[in-house]
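>
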Amino acid sequence: MNKKQKKVLKRIIVAAVLLVIIGIAGSVVSIPKWLEFLFYLVPYFVIGYDILRKAWKGICNRQMFDENFLMAVATIGAIALGDYKEGVAVMLFYQIGELFQGYAVGKSRQSIADMMDICPEYANLEEDGKVSQVDPDDVEVGSIIVIKPGEKVPLDGVVIEGESFVDTAALTGESVPRKVSVGDEIISGCVNGSTTLKVKTTKEFDDSTVAKILELVENASSKKARVENFITRFAKYYTPVVTIGAVALAIIPPLFCGGQWGDWIQRDCIFLVISCPCALVISVPLGFFGGIGAASRIGILVKGSNYLEALAEMSTIVFDKTGTLTKGEFKVSGINAVGCSEKELLEVAAYSESYSTHPIAESIKNAYGEKIDTSKLQNVEEIAGHGIHAQFAGKDVFVGNEKLMNKQNISYEKCDAIGTIIYVAIDGKFAGSLVISDEIKEGAKEAIADMKHVGVKKTVMLSGDQKEIVEKVANELGIDEYHAQLLPADKVDRVEKLLEQKNEKDKVAFVGDGINDAPVLTRADIGIAMGSMGSDAAIEAADVVLMDDDVTKIASVVKISGKTLSIVKQNIVFALGVKALVLILGAFGVANMWEAVFADVGVSVIAILNSMRTLKEE
724 MNKKQKKVLK
734 RIIVAAVLLV
744 IIGIAGSVVS
754 IPKWLEFLFY
764 LVPYFVIGYD
774 ILRKAWKGIC
784 NRQMFDENFL
794 MAVATIGAIA
804 LGDYKEGVAV
814 MLFYQIGELF
824 QGYAVGKSRQ
834 SIADMMDICP
844 EYANLEEDGK
854 VSQVDPDDVE
864 VGSIIVIKPG
874 EKVPLDGVVI
884 EGESFVDTAA
894 LTGESVPRKV
904 SVGDEIISGC
914 VNGSTTLKVK
924 TTKEFDDSTV
934 AKILELVENA
944 SSKKARVENF
954 ITRFAKYYTP
964 VVTIGAVALA
974 IIPPLFCGGQ
984 WGDWIQRDCI
994 FLVISCPCAL
1004 VISVPLGFFG
1014 GIGAASRIGI
1024 LVKGSNYLEA
1034 LAEMSTIVFD
1044 KTGTLTKGEF
1054 KVSGINAVGC
1064 SEKELLEVAA
1074 YSESYSTHPI
1084 AESIKNAYGE
1094 KIDTSKLQNV
1104 EEIAGHGIHA
1114 QFAGKDVFVG
1124 NEKLMNKQNI
1134 SYEKCDAIGT
1144 IIYVAIDGKF
1154 AGSLVISDEI
1164 KEGAKEAIAD
1174 MKHVGVKKTV
1184 MLSGDQKEIV
1194 EKVANELGID
1204 EYHAQLLPAD
1214 KVDRVEKLLE
1224 QKNEKDKVAF
1234 VGDGINDAPV
1244 LTRADIGIAM
1254 GSMGSDAAIE
1264 AADVVLMDDD
1274 VTKIASVVKI
1284 SGKTLSIVKQ
1294 NIVFALGVKA
1304 LVLILGAFGV
1314 ANMWEAVFAD
1324 VGVSVIAILN
1334 SMRTLKEE
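724 is the number of the first residue of the sequence shown in our numbering; add one for each residue after it.
#1: Which residues in the same chain have their Cβ closer than 6 Å to the Cβ of residue 886, if we skip the five residues on either side of it in sequence?
#2: Below 8 Å between beta carbons: does that hold for residue 766 and residue 742?
#3: What does DSSP give as the partner residue(s) for residue 1105 in the beta ladder?
#4: Would you mind giving the Cβ-Cβ distance between residue 1046 and residue 1253, rounded to the nearest angstrom? I have them listed as a contact below 8 Å.
#5: On the DSSP bridge list, what partners appear for residue 1205?
#6: Span of the alpha helix (DSSP H) holding residue 1217?
#7: Quick one: residues in its chain with C-beta nearer than 6 Å to the C-beta of residue 1038, no 5 flanking neighbours on either side, listed in chain order?
#8: Checking 8 Å against the spacing of the C-beta atoms, do residue 808 and residue 873 come in under that value?
#9: Should residue 1288 and residue 1196 be called a contact, given that it needs their Cβ atoms to be closer than 8 Å?
#10: How big is the Cα-Cα spacing for residue 970 and residue 1176?
#11: Under a three-way DSSP split, which group does residue 849 fall into?
#12: Compare the Cα-Cα distances from residue 1293 to each of 1314, 1024 and 1337 and report the closest residue.
#13: By a C-beta neighbour count over all protein chains shown, 10 Å radius and 16 as the cutoff for buried, is residue 1164 buried or exposed?
#14: Hey, out of 1133, 1117 and 734, whose CA is closest to residue 817's CA?
#15: Mapping DSSP to helix, strand and coil, what is residue 1051?
#16: Could you tell me the boundaries of the alpha helix (DSSP H) in which residue 1072 lies?
#17: Applying the 10 Å Cβ sphere with the 16-neighbour rule, what's the burial state of residue 1108?
#18: Rounded to whole angstroms, what is the Cα-Cα separation between residue 1321 and residue 929?
#19: Using three-state DSSP, classify residue 1036 as helix, strand or coil.
#20: For residue 1061, is the classification buried or exposed, using 16 other Cβ atoms within 10 angstroms of its Cβ as the cut-off for buried?
#21: Out of curiosity, what's the CA-to-CA distance linking residue 1370 and residue 916?
#22: Could you give the DSSP three-state label for residue 943: helix, strand or coil?
#23: Based on DSSP bridge pairs, tell me the residues matched to residue 1129.
#24: For residue 687, is the classification buried or exposed, using 16 other Cβ atoms within 10 angstroms of its Cβ as the cut-off for buried?
#25: Might you give, ordered along the chain, the residues of its own chain that have their beta carbon closer than 7 Å to the beta carbon of residue 1191, omitting 5 neighbours on each side?
#26: Which ranges does the alpha helix (DSSP H) cover as unbroken runs of at least 4 residues, wholly within the stretch 758 to 804, from first to last along the chain?
#27: Helix, strand or coil: how does DSSP classify residue 817 here?
#28: Among 883, 1248, 1057 and 1116, which has the Cα closest to the Cα of residue 1041?
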């Protein structure tokens, strides 16, 4: 509990004790009515002075139609009618409900608060051999910062000295520390573990990972779900209508139907207590906030409750291939040597590709793994769209695709393996081929299966790769539909077609990581981006961010969204149902003030308890 909540708790205890003492004293000793009235005013003002003040301010500001106004009118009315004990008790139980609500809201905010705590307070800037603490905002790109054990990483950068383990739990939800050493990228918001690191910054603080995360979290509350917007509009009109209804209930029946004015005013007070919309106004936003908090604890940022609601209605999910379902890291997966050894074939290919920075060339050089002596190379020529022609160790070498072999009239053995095929010819004779392929991410197959289990009807994969490669990946993962050789604009067209085909209530999600995915992330009903390896443009365009790039967690956040929406709907039905029933009973004089208290405070507490179930991720 915070200081304010502890203060309210003390007031509740004092008021409750006074109420009991006065009640016992009244049963033992005969107390004059006027003195009893004064006695009960003490606990009433102890527990209710802040409610009365808020109600008065609302009246002065012409914004009186809220729960404070309803509660003030109801309790003052009860006391005016001589029901002193009931009036004080109603205010007491209302404050208990408010305290419970405040505690629940605080608990639901904790996971978000933990994430907000990733913001570093300072950076250890090293200049001319001296280290000084400065504001992270003042650190320029390319500066050297020192991160001591236990300190938060203040800025994104590259490790230039030291080796350590960093805790990424606040960002990714992963409990296992991640090892970093010289040359590794390190992102802000992590906590350094064992040893001191020196890092060369690559981004300013405003562009850093931690700054972007904080911005996403801060803006999440402004994007409300349809249910939340409905409740907001409902409460806006509900309270004035109820107030007018209460006035009518107090005046019209005794004028036209007869009866005691006091009886109808008492019913009116009961009516006002029952009608307080606290359960709805509190529990619905609390439910969504809890769902967002549960998602954040497993490393998923949902930018608003509207997107959490949309996830529960997702029927189709579309994946980008490279970097999303596959690692985006090309590796030599097969070597087919003819007339030479595999090592010799790999050596010739690596030397020929040594000047190229293309990912395929890099994969060949990495597979070779030895230092390349460029003095052995001569007359290296890149043939656009075909490959490389070079002189290596006195040999005439061609390394490239089928087009290159055909152009040079070299007879070769076609390789039917799935992947990018690199053919090698030495001195005009075919020497063999290399198979370059992208690895499927661990857990990608399970992620697709989990999608089906949580109610997703259709899975689609879009890629710019060759049809054969895309087909193989789709079949291996169990993807329902795939499209290959697509440009970024083509991906948007495909998603638009899916949007046209779906029902109005169904939602289409797109999962991507690259800057080329930004347009389609924006166009889909729900854009899901990779936060760790994804581009800034993709993260900015997305509605949901996976902080550790783990696609298996998509099913988890869909479960959370479905559970959240179910709980919110339960609260709405329960609150409105109970209130409607007790309102009718109160209007006919069947329900008393204690039942009214249950219909208000009791329903609110039950709804809040139910909303707190969203805090537990599944």
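Beta carbons are placed, not taken as given, at the ideal position from N, Cα and C, and that holds for glycine.
Let me spell this out:
#1: Taking the first residue of the sequence shown as 1, we reach residue 886 at position 163. Take residue 886, set aside five residues on each side of it, and the residues of its chain with a beta-carbon closer than 6 Å to its own are 904, in chain order.
#2: Taking the sequence shown and counting its residues from 1, one reaches residue 766 at position 43. Taking the sequence shown and counting its residues from 1, one reaches residue 742 at position 19. For residue 766 and residue 742, yes; Cβs fall inside 8 Å.
#3: One-based indexing of the sequence shown puts residue 1105 at position 382. Bridge pairing for residue 1105: 1111 [DSSP].
#4: Residue numbering aside, residue 1046 sits at position 323 when the sequence shown is read from its first letter. Residue numbering aside, residue 1253 sits at position 530 when the sequence shown is read from its first letter. Cβ-Cβ separation between residue 1046 and residue 1253: approximately 7 Å, consistent with a contact (criterion under 8 Å).
#5: Taking the sequence shown and counting its residues from 1, one reaches residue 1205 at position 482. For residue 1205, the beta-bridge partners assigned by DSSP are 1184.
#6: Taking the sequence shown and counting its residues from 1, one reaches residue 1217 at position 494. It spans 1211 to 1224 - the alpha helix (DSSP H) in which residue 1217 sits, taken as one unbroken run.
#7: By 1-based counting over the sequence shown, the position of residue 1038 is 315. So the qualifying residues of the chain are 1180 and 1229.
#8: For the purposes of this step, residue 808 is taken as the residue at position 85 of the sequence shown. For the purposes of this step, residue 873 is taken as the residue at position 150 of the sequence shown. Contact check for residue 808 against residue 873 fails: the beta carbons are separated by 8 Å or more.
#9: Sequence index remark: in the sequence shown, residue 1288 carries index 565 (1-based). Sequence index remark: in the sequence shown, residue 1196 carries index 473 (1-based). 8 Å or more divides the Cβ of residue 1288 from the Cβ of residue 1196.
#10: Translated into the one-based positions of the sequence shown, residue 970 becomes position 247. Translated into the one-based positions of the sequence shown, residue 1176 becomes position 453. Taking the straight line joining both Cα atoms gives about 53 Å.
#11: In the sequence shown, counting from the first residue as 1, residue 849 sits at position 126. It is a strand residue.
#12: Start at 1 with the first residue of the sequence shown, and residue 1293 comes out as number 570. It is 1337.
#13: For the purposes of this step, residue 1164 is taken as the residue at position 441 of the sequence shown. Using a 10 angstroms sphere on the CB of residue 1164, the tally of other CB atoms reaches 16 or more, which defines it as buried.
#14: For the purposes of this step, residue 817 is identified with residue 94 of the sequence shown, where counting begins at 1. Measuring from the Cα of residue 817, the nearest candidate turns out to be 734.
#15: Numbered from its first residue, the sequence shown carries residue 1051 at position 328. Under the three-state reduction of DSSP, residue 1051 is assigned to strand.
#16: One-based indexing of the sequence shown puts residue 1072 at position 349. Its alpha helix (DSSP H) spans residues 1065 to 1075.
#17: The residue labelled residue 1108 in the question sits at position 385 within the sequence shown. Note on residue 1108: under 16 other CB atoms within 10 angstroms of its CB, so exposed under the neighbour-count rule.
#18: Looking up residue 1321 in the sequence shown gives position 598. Looking up residue 929 in the sequence shown gives position 206. Distance between the alpha carbons of residue 1321 and residue 929 is about 50 Å.
#19: Working through the sequence shown from its first residue, we reach residue 1036 at position 313. If DSSP states are grouped into helix, strand and coil, residue 1036 belongs with coil.
#20: Looking up residue 1061 in the sequence shown gives position 338. It is exposed - the Cβ of residue 1061 has fewer than 16 other Cβ atoms within 10 Å.
#21: Look at the range of the chain in this structure, 724 to 1341, and you will see that residue 1370 is not part of it.
#22: Numbered from 1 along the sequence shown, position 220 holds the residue referred to as residue 943. The predicted model places residue 943 with a pLDDT of 49, which falls under 50 and marks its position as unreliable; any figure quoted below should be read in that light. Assignment of residue 943 by DSSP, reduced to helix, strand and coil, places it in the helix class.
#23: Looking up residue 1129 in the sequence shown gives position 406. Residue pairing from DSSP leaves residue 1129 without any beta-bridge partner.
#24: Shown here, the chain extends from 724 to 1341; a query on residue 687 therefore has no answer.
#25: As a first step, residue 1191 must be located in the sequence shown, where it is residue number 468. When the five nearest sequence neighbours on each side are left out, the beta carbons in the same chain lying within less than 7 Å of the beta carbon of residue 1191 are those of 1141, in order along the chain.
#26: Correct list: 790 to 803.
#27: The residue labelled residue 817 in the question sits at position 94 within the sequence shown. Residue 817 sits in a helix when the DSSP states are folded into three classes.
#28: Here residue 1041 is taken as the residue at index 318 of the sequence shown, counted from 1. The shortest C-alpha separation from residue 1041 is found at 1248.
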